[in-house]
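Under the UniProt record's numbering, residue 388 is the last one in the sequence shown; the count climbs by one each step, no gaps.
Beta carbons: idealized from backbone N, C-alpha and C, even for Gly.
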Amino acid sequence: LSKRVQTFTDSVIRRMTRISDEYGAINLSQGFPDFDPPKEIMDALAEAAYKGPHQYSVTFGAPNFREALAQKQGKAIHRAIDPNKEIVVTCGGTEAMMCAMMTICNPGDKVMVFSPFYENYGADAILSGADPIYIPLIPPEYEFDITLVEQGFRDGAKAIIVCNPSNPCGKVFRRDELMAIGELAVRYDAFVVTDEVYEHMVYAPNKHICMASLPGMYEHTITCNSLSKTYSITGWRLGYLIGPEKVFEAAKKVHDFLTVGAAAPLQEAATVGLKFSDEYYEKLLQTYTEKRNYFLKGLDKIGLKHNVPQGTYFVLIDISDFLELPQFPGFSDLEFCEWMIKNIGVAAVPGSSFFKEDVNHLIRLHFAREKKTLDEALCRLEKMK
Ligand code: GLN
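Written out as structure tokens, the structure is:
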């Protein structure tokens, strides 16, 4: 086996889903909704089953899909996006990130990653040959020290990955933070690779700002995103990256040889969603705001300590008090999560899989669930106390 595959484990997030399924637990580990996508999208899929397309689309994305995407994301980036020269459609945000990394990194290049981070970034770096430099996000506000970012660029980092809103800590980067990172990327002629899959889950008064929309940043940003969360279609594996033409030319080659293309009938059906009016996104946010408030209130009632996410549908719970109890002798967070699945019937992700630092006292839950499921989960979590 290659050396590279021996340097990372399977995804702990996806592993927790498998264990959760095995024990029939309520799965609040891997984040995906338990409700249907919008009916218009399902109808369009049914139609595509008979009308097609059933053969390959253009490798970097079906023209109508890219056209609709350029319209929608052009508004977010405050710029006319050229659907033929600036968008590559990928198999999920996961491929978009991998493709971005393989497009810009040589073996041995350094890439900055904030910690805590979404666990894919570690494997993305290794698979593309890059060495991650971790920049801590300091709770409770998950602030970072910009001088460490500058140091990273000075040490030759090719890029910095910015997950905004941030999985797992729910941080939404402020304009001044993005400007500071962006200015350094320009000064050191480096890239910012963003992961913005939770862009529509940003809770008031926080606001989502695209790095690529900031002055001078378009040429230095590769925006990675996906339709998974926005349209509740995580299984469709539809993602994309947006970047300047030189990035696009390179990224489309990488993507072509990695996967050829995303599923043609699914692109056709999802195009309907990309054309939704703003009202859809407002409703989506309202739904998630209600879920967040409801779930956090439930956690408070039980007396579980947690952060308050500014965005995403994740919440980190502090389990320090539990780990001190005699019934959990020397338990790691992973062992605690396994115990939870088997004894409480709720699946979480151990926090250690998101941190470079030695963090063992946090678990991540998501609240992308119907209210009755959240009720049942809260009822079960209460038994932990
Ligand atoms: N982003 C989701 C999470 O963190 C999972 C995405 C995935 O598994 N591809 O749970």
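- Relative to the non-hydrogen atoms of ligand 1, the Cβ of I366 never comes closer than 7 Å to any of them.
- E180 and V196 have their C-alpha atoms spaced approximately 15 Å apart.
- The stretch 186-206 makes no contact with the stretch 332-341, as fewer than three CB pairs between them are under 8 Å.
- Across the structure, F358 and E50 are spaced so that their CA atoms are roughly 44 Å apart.
- By the Cβ rule, the stretch 178-193 does not count as touching the stretch 34-43, because fewer than three pairs are nearer than 8 Å.
- Nearest Cα to S5 within the set S229, L130, D85, I347: L130.
- Under the Cβ criterion (8 Å, minimum of three pairs), the stretch 345-354 counts as touching the stretch 8-26.
- Here the C-alpha atom of G111 lies approximately 27 Å from the C-alpha atom of M182.
- CA-CA distance, K286 to M214, rounds to 24 Å.
- Residue nearest to Q9 within the set A126, G246, D378, F260 is A126 (criterion: CA-CA distance).
- Scanning its chain for C-beta atoms nearer than 6 Å, with the 5 sequence neighbours on each side dropped, one finds around E70 the residues P86, in chain order.
- Less than 8 Å divides the Cβ of P168 from the Cβ of G314.
- Residue burial is scored here from C-beta neighbours: V257 has at least 16 other C-beta atoms within 10 angstroms and is therefore classed as buried.
- Non-local C-beta neighbours of H211 in its own chain, meaning closer than 6 Å and more than five positions away in sequence, comprise E202, V205, ordered along the chain.
- Contact annotation, K388 with G306: C-beta distance approximately 6 Å; criterion of less than 8 Å satisfied.
- Put simply, the backbone Cα of T226 is about 29 Å away from that of D46.
- Measuring C-alpha to C-alpha distances from I245 to each of Q33, Y53, A99, G95 identifies A99 as the nearest.
- Scanning the stretch 27-60 from its first residue to its last, the whole alpha helix (DSSP H) runs of 4-plus residues come out as 42-54.
- Going by beta carbons, I164 and V91 fall outside the 8 Å limit.
- Separation of I44 and S118 (C-alpha to C-alpha, rounded to the nearest whole angstrom) is 36 Å.
- With a cut-off of 8 Å on Cβ pairs, the stretch 53-65 is not in contact with the stretch 277-284, counting fewer than three such pairs.
- Distances taken from the Cβ of T197 to the heavy atoms of ligand 1 include none shorter than 7 Å.
- Distances between the C-beta of R372 and the heavy atoms of ligand 1 are all 7 Å or more.
- Under DSSP, R367 takes part in a beta bridge, and its partners are L319, V352.
- When only Cα atoms are considered, Y26 and K345 end up about 7 Å apart.
- For G333, the number of other beta carbons within 10 angstroms of its own is below 16, and it is reported as exposed.
- Apart from the 5 residues on each side of it in sequence, W239 sits with its Cβ closer than 6 Å to the Cβ of L269 in its chain, given in chain order.
- Checking the 7 Å criterion, the Cβ of G354 is out of range of every heavy atom belonging to ligand 1.
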